[in-house]
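Asks: To convert, count from 1 in the sequence shown and add 53; that's the numbering used here. Please read through the structure below; I'll follow up with questions.
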Amino acid sequence: MAMAPEQTGIGIRRHFTTEGVDPYEEVVWERRDARITNFRDGTVAFEQREVEFPVGWSQNATNIVAQKYFRGALGSPERESSLREVIDRVADTVTRWGAKDGYFVDEQEAEAFRAELKHLVVNQKAAFNSPVWFNIGVAGRPQQASACYILAVDDTMKSILNWYVE
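Written out as structure tokens, the structure is:
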């Protein structure tokens, strides 16, 4: 759904980023192994070697993102191996949708939105919910960004009981 023609964008301004500066270049990156072990017997439940994350991200955050949100089959060339790929997949997709649907007045505003979004996520100031990480930007997956659906219900017994059927 595109915005009404009289609207001229949502007015994105830069707060955390500078035009022409890649938000990823403002953090220090390193390669490390992501590993989750079974607390009972110490066996490895998940492992992906040489994943790329900012130095400031904890090992726990690295393990969770690599296990849960990296897309592609483990060990395959398609498997994501860097937080940059995950953030790019989501932020670039959302920005592309916003541009297509008229949310930005021009490419400069779209790029400001993209950079601000990437900055917020890479610096752990904000994070998307799991369905976004699981689905958005993944080819062949429904672009579903919510795990919950809200059904309308009127303040009548009939409507309330019908809600269970829906």
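By construction, the Cβ of each residue, glycine as well, lies at the ideal position given by its N, Cα and C atoms.
With a threshold of 16 other CB atoms inside 10 Å of the CB of residue 190, please say whether the residue is buried or exposed.
Replies: buried
Asks: Of all the options 91, 107, 183 and 73, which has the alpha carbon lying nearest to the alpha carbon of residue 143?
Replies: 183
Asks: Using DSSP with H/G/I as helix, E/B as strand and the rest coil, what is residue 157?
Replies: In the three-state reduction of the DSSP assignment, residue 157 falls in the coil class.
Asks: Can you give me the Cβ contacts of residue 70 inside the same chain, cut-off strictly under 6 angstroms, excluding the 5 residues immediately before and after it?
Replies: Hits under 6 angstroms: 76, 168, 169 and 172.
Asks: Any contact of the region 127-140 with the region 99-116, i.e. 3+ C-beta pairs under 8 angstroms?
Replies: yes
Asks: For residue 105 and residue 74, what's the separation of their Cα atoms in angstroms?
Replies: 20 angstroms
Asks: Mind reading off the beta-carbon distance from residue 108 to residue 83? Whole number of angstroms is fine, and I expect it under 8 angstroms.
Replies: 5 angstroms
Asks: Are the Cβ atoms of residue 65 and residue 157 separated by less than 8 angstroms?
Replies: yes
Asks: Would you mind working out which of 115, 152, 147 and 110 sits nearest residue 89, comparing C-alpha positions?
Replies: 115
Asks: Of the residues 166, 214 and 141, which one's Cα is nearest the Cα of residue 186?
Replies: 141
Asks: Report the rounded CA-to-CA distance for residue 67 versus residue 176, giving the unit in angstroms.
Replies: 15 angstroms
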